[in-house]
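Here is the structure we will look at, set down as structure tokens.
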Amino acid sequence: SYVPIVARYFIAARGIGVNRRLANSPLACDLHYLWSWPVEGLSGAEMIGYVIRAYTQGRWGILTFHGINEGHLSVSDVDFRELLDFLGSYRDRIWVAPVVEVAEYIREWRSRHGVGFKG
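Numbered per this note's numbering, the sequence shown spans residues 12 to 130.
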């Protein structure tokens, strides 16, 4: 496994999720192999559904984008805008941030409270 090497050099890294119904548990996720969900070809409603599932489960959802309207692994600008509009309307309840920012917060929280996966 490359995870120990990643852990030596980086605070966090993403992999691929095993099930679109599950997002990362802030208490138990391995920060050096975070589940993320490729969203290429998904509609805005499908991406929003994933965000809602992660939110209602109290979990951390990571969406992986490889392009907006270009390339072979992209989402349409219309669907991306639909997701952004949704997230904007819930900005006081759903935290949107770079992976490293969330990982640093989780690592500090775990350290202060002495809980969770040590990754």
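From the three backbone atoms N, C-alpha and C, an ideal C-beta is built for every residue, glycine too.
| Which term fits tyrosine 132, buried or exposed, when burial requires 16 or more other beta carbons within 10 angstroms of its beta carbon? | Since the first residue shown for the chain is 12 and the last is 130, residue 132 is missing from the structure and cannot be characterised.
| said: If distances are taken between C-alpha atoms only, which option among Val89, Ser85, Glu119 and Leu98 comes closest to glycine 72? | reply: Leu98
| query | Run through DSSP, which three-state label would tryptophan 106 get? | reply | coil
| request: Report buried or exposed for serine 12, applying the criterion of at least 16 other Cβ atoms within 10 angstroms of its Cβ. | output: exposed
| For leucine 74, the nearest candidate out of Leu33, Asp103 and Glu81 (CA to CA) | Leu33
| query | If leucine 94 and methionine 58 are in contact, beta carbons under 8 Å, what's the gap, nearest whole angstrom? | reply | 5 Å
| query | Quick one: what's got a C-beta closer than 8 Å to arginine 104's C-beta in the same chain, skipping five residues either side? | reply | Tyr66
| request: Measure the C-alpha to C-alpha separation of aspartate 41 and valine 14 and round it to an integer number of angstroms. | output: 9 Å
| said: Checking 8 Å against the spacing of the C-beta atoms, do tryptophan 46 and glycine 28 come in under that value? | reply: yes
| field | Expected contact under 8 Å - CB spacing of alanine 18 and alanine 114 to nearest Å | value | Not really, about 12 Å apart at Cβ, beyond 8 Å.
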